[in-house]
Amino acid sequence: MARSKNRVELRPIDETKPASRPTVARLFNPELMQTKGRDNKPVHLGPADTDRNEPAKLEVADKDLVRSRSQEPGIDELLGHDVMAADSNERGWGNPWRDKPITVGWVVLAVLMLGGALVWSLSRVKQADKTVAGFRTDAETAVARNQADEIEAERIVENAESALRAFFKAGSVEEIAPWIRHAERVMPLARAHEGGRWPTPVPVRDIRQLVPLTIGIRTEFWAASVELVDGSIRNLYLEVMPDGQVLIDWETLVCHQPMAWDTFVTQGPAGVSLDFRVFIEADTFHAHEFGSSDKWSCFRLTANGSDEPMFGYVMKGTMTELLVLDLLAGSASGRASAILRLRIPDQLTARRSAVIEAVINDRWIHLDPP
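So in my numbering the end of the sequence shown lands on 370, straight run, no missing numbers.
Given below as structure tokens:
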């Protein structure tokens, strides 16, 4: 706010001269006229007493006529900047809308987006409900399956124990017939085994181990280890039939061979193919007809309960060689067991030598009747 240009100053009064004073009259006031009982006639005032000493006084212009700074700071001082005109902020209020209107396309797009979000949310909720229900169903199914598996396993163990105790308690070859795998093919072999002499029965003292066994993709086999009352240990293969009956693999129990291994190694016969249960190890013994190591792969063959070795040869690059090498690669000891089909060629001069014609099985058990 600008400072007033009217100066305030002291004016000396000469008391020796009588002051001339104008006649003062009270002015007419319309508001006072309406006051009841009040005399509204003008009053004329004469000059004041001239003999009265009048003190010097400071004459100041009327405050309504003088624009001077007050002691209080103005609003612009408080705000720290010039005061904005009141109408500057309100200018344009009440005027019609001058911007461009929102197009219908944007409105439709917004509605579609909101609708899509709502549909997606509802679908996710439904999907979550289905997922939870699926998890609950799967869990209930798994629990039921586990319970069924436990019941089935208990039944198999009971049947296996009964079969093993009945088998080793049998007093003749005919008594074991109900517990033999592939009975039609194996029973004639059992009757001829050991010259038809059936050993004295030795009952089971304890079943030391009974575990499920997977052979290839077959899961119906179990491995058992039993201790007899004479202290001997017997290891067997068991097969669980679809009806729950447990059968014993007699051929692996006695390690059945088509003929005595020692006789085959030393005497032949030549020109005949026979299936033997043998142990296989890699070897480098090349002699006579099999002297070319570029053509033949050599393996050392032995049988259970015999010290007589035999050398089996297989032509390199054949499927049979690959199968034998695969068996050895899967054995940590470098020794594998298998059923091999062996043939001693006619007029062969190399002793203790045979050709490996085929790998019948990678274990000593026939999964299916040969």
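For glycine and all other residues, C-beta sits at the position ideal for the given N, C-alpha and C. Keep in mind the model is a prediction, meaning the values are calculated, not measured.
List the endpoints of the continuous beta strand (DSSP E) containing residue i.
{"i": "V186", "result": "Note, V186: premise wrong, no beta strand (DSSP E); alpha helix (DSSP H) at 183 to 192."}
{"i": "T320", "result": "No beta strand (DSSP E) contains T320, which is instead part of the alpha helix (DSSP H) from 319 to 329."}
{"i": "Q209", "result": "204 to 215"}
{"i": "L301", "result": "296 to 302"}
Identify every residue that forms a DSSP beta bridge with residue i.
{"i": "S353", "result": "F311"}
{"i": "N361", "result": "I339"}
{"i": "E281", "result": "R300"}
{"i": "F221", "result": "L213, E239"}
{"i": "I180", "result": "I248"}
{"i": "I344", "result": "A270"}
Relative to the alpha-carbon of residue i, which residue among the options has its alpha-carbon at the smallest distance?
{"i": "L348", "options": "V119, G291, W106", "result": "G291"}
{"i": "L236", "options": "G271, V211, L323", "result": "V211"}
{"i": "E357", "options": "G171, R341, L325", "result": "R341"}
{"i": "L253", "options": "V272, S162, P269, I233", "result": "I233"}
{"i": "I339", "options": "V246, L322, I365", "result": "I365"}
{"i": "D230", "options": "D249, R205, P269, H193", "result": "R205"}
{"i": "A248", "options": "P178, A350, R124", "result": "The question names Ala, but residue 248 in the sequence shown is Ile. The shortest Cα separation from I248 among P178, A350, R124 belongs to P178."}
{"i": "L301", "options": "F279, E321, S293", "result": "F279"}
{"i": "E289", "options": "M315, V108, E158", "result": "M315"}
{"i": "Y313", "options": "A332, G271, S293", "result": "S293"}
{"i": "C255", "options": "I215, H286, N304, W296", "result": "N304"}
{"i": "E220", "options": "P258, L228, T200, R181", "result": "R181"}
If residue i sits next to residue j, beta carbons under 8 Å apart, how far is it from one beta carbon to the other, in whole angstroms?
{"i": "A354", "j": "M319", "result": "Not confirmed; about 18 Å, so no contact."}
{"i": "V173", "j": "A190", "result": "5 Å"}
{"i": "A163", "j": "V246", "result": "4 Å"}
{"i": "V240", "j": "W222", "result": "7 Å"}
{"i": "S225", "j": "R197", "result": "Going by Cβ atoms, the distance from S225 to R197 rounds to 26 Å, so no, they are not a contact pair."}
{"i": "D262", "j": "E308", "result": "5 Å"}
{"i": "S273", "j": "R343", "result": "4 Å"}
{"i": "A336", "j": "L323", "result": "A336 to L323, Cβ: 10 Å. No contact."}
{"i": "L377", "j": "A160", "result": "With the chain covering only 1 through 370, there is no way to say anything about residue 377."}
{"i": "R352", "j": "G244", "result": "At roughly 47 Å, the Cβ-Cβ gap does not stay under 8 Å, so R352 and G244 are not in contact."}
Any alpha helix (DSSP H) of 4 or more consecutive residues that is wholly inside the region 226 to 277: Runs of the alpha helix (DSSP H) inside the region 226 to 277: 250 to 254, 261 to 267.
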